[in-house]
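Taking it in order: structure first as structure tokens, then the write-up.
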Amino acid sequence: MSVAGMLVILWVLLAALLAVSPARRWAGVAVWVLLAFGIPLLGLVTWEHGPVAGSLLFVLGILLLSWPRMPVSRRVQRWLWRAQ
């Protein structure tokens, strides 16, 4: 696996963890940090793997940054509270 591929996996995991974290205080900062690292990473992937991979990664990034995960995390929390 290339370095760009490993960095993409790390970015996706970080974005997913930040999206479900309850800390709303740093939400704006987290989005800007993800964008600051994601845009150069998108360029690196496009350069190494071509425009198709870059386009797919661009769509994945848009979905990760705009998908509303809070209702899902609230459902999981309610389910966990009921299980106790």
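In terms of the working numbering, the sequence shown opens at residue 0 and continues consecutively. In this text, a Cβ means the ideal position worked out from N, Cα and C, and glycines have one as well.
Span of the alpha helix (DSSP H) holding residue i?
i, result
"Gly42", "Ala26 to His48"
"Met5", "Val2 to Val19"
With 16 as the cutoff for other CB atoms within 10 Å, does residue i come out buried or exposed?
i, result
"Gly42", "exposed"
"Leu56", "buried"
"Gly27", "exposed"
"Trp46", "exposed"
"Gly4", "exposed"
Can you tell me the Cα-Cα spacing of residue i and residue j, whole angstroms?
i, j, result
"Leu34", "Ala18", "14 Å"
"Ser20", "Leu63", "14 Å"
"Met0", "Val44", "12 Å"
"Leu79", "Pro39", "38 Å"
"Val32", "Gly53", "20 Å"
Of all the options the options, which has the alpha carbon lying nearest to the alpha carbon of residue i?
i, options, result
"Val30", "Ala14, Leu40 and Val58", "Ala14"
"Phe36", "Val7, Leu79, Trp78 and Arg77", "Val7"
"Leu9", "Val75, Gly60 and Arg81", "Gly60"
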